[in-house]
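Structure record follows, encoded as structure tokens.
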Amino acid sequence: MITLPVYVVFLIFLVVFMIMEMYRRNKISFEKKISELKNKLALYKEELDELEKLKSEMLSRIGVSLRKPLESVRETAIELSRPLDRSPIVKEQLARLTAEIEEIENFLNVMKELATLENMDLTDGSQFPDGQESSI
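Counting from 49, one number per residue, gives the positions in the sequence shown under our numbering.
This is how it looks when you write it as structure tokens:
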């Protein structure tokens, strides 16, 4: 059996104790950082939820405010653009009107697509892009 002097055993014990203390402090530091990151993540999630509400409100206002008047203008323009015997100036104006009708139809299509995307966002709102559920 090997006998070690007391001071060597004490030094080994001291080194082990210092290493344990170092790991304990690192653990506490990491736990503090994790807690701070969780708090930041919660704040970002709240901000994201608020932005989602604002986006939804904006899209609904756009839909209500613009869709009906634009459809009304489009229908009126279609009625006015029926082929009749007209002067060249009126024909030029009708050509512009036809171009505006196409722009209105494009805008209405974009609004419909935005509404579709909004509905998709609302149904998939609790998922991350890779399909994993949020655990917070």
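Beta carbons are placed, not taken as given, at the ideal position from N, Cα and C, and that holds for glycine.
Rounded straight-line distance, which links the Cα of residue j to that of residue i
i: V121; j: Q141; result: 15 Å
i: N87; j: M106; result: 29 Å
i: E95; j: L85; result: 15 Å
i: S104; j: L114; result: 15 Å
i: K160; j: I149; result: 16 Å
i: V56; j: F65; result: 14 Å
i: V138; j: V158; result: 30 Å
Assigned secondary structure, residue i (DSSP; H/G/I helix, E/B strand, else coil)
i: M70; result: helix
i: S113; result: helix
i: P53; result: coil
i: S120; result: helix
Residue from the options with nearest C-alpha to residue i
i: E119; options: N167, E153 and D97; result: E153
i: T146; options: K160, E127, I76 and E161; result: E127
i: F155; options: A143, R144 and K116; result: K116
Handout entry: Inside the segment 129–170 only - alpha helix (DSSP H) runs reaching at least 4 residues
Key = none
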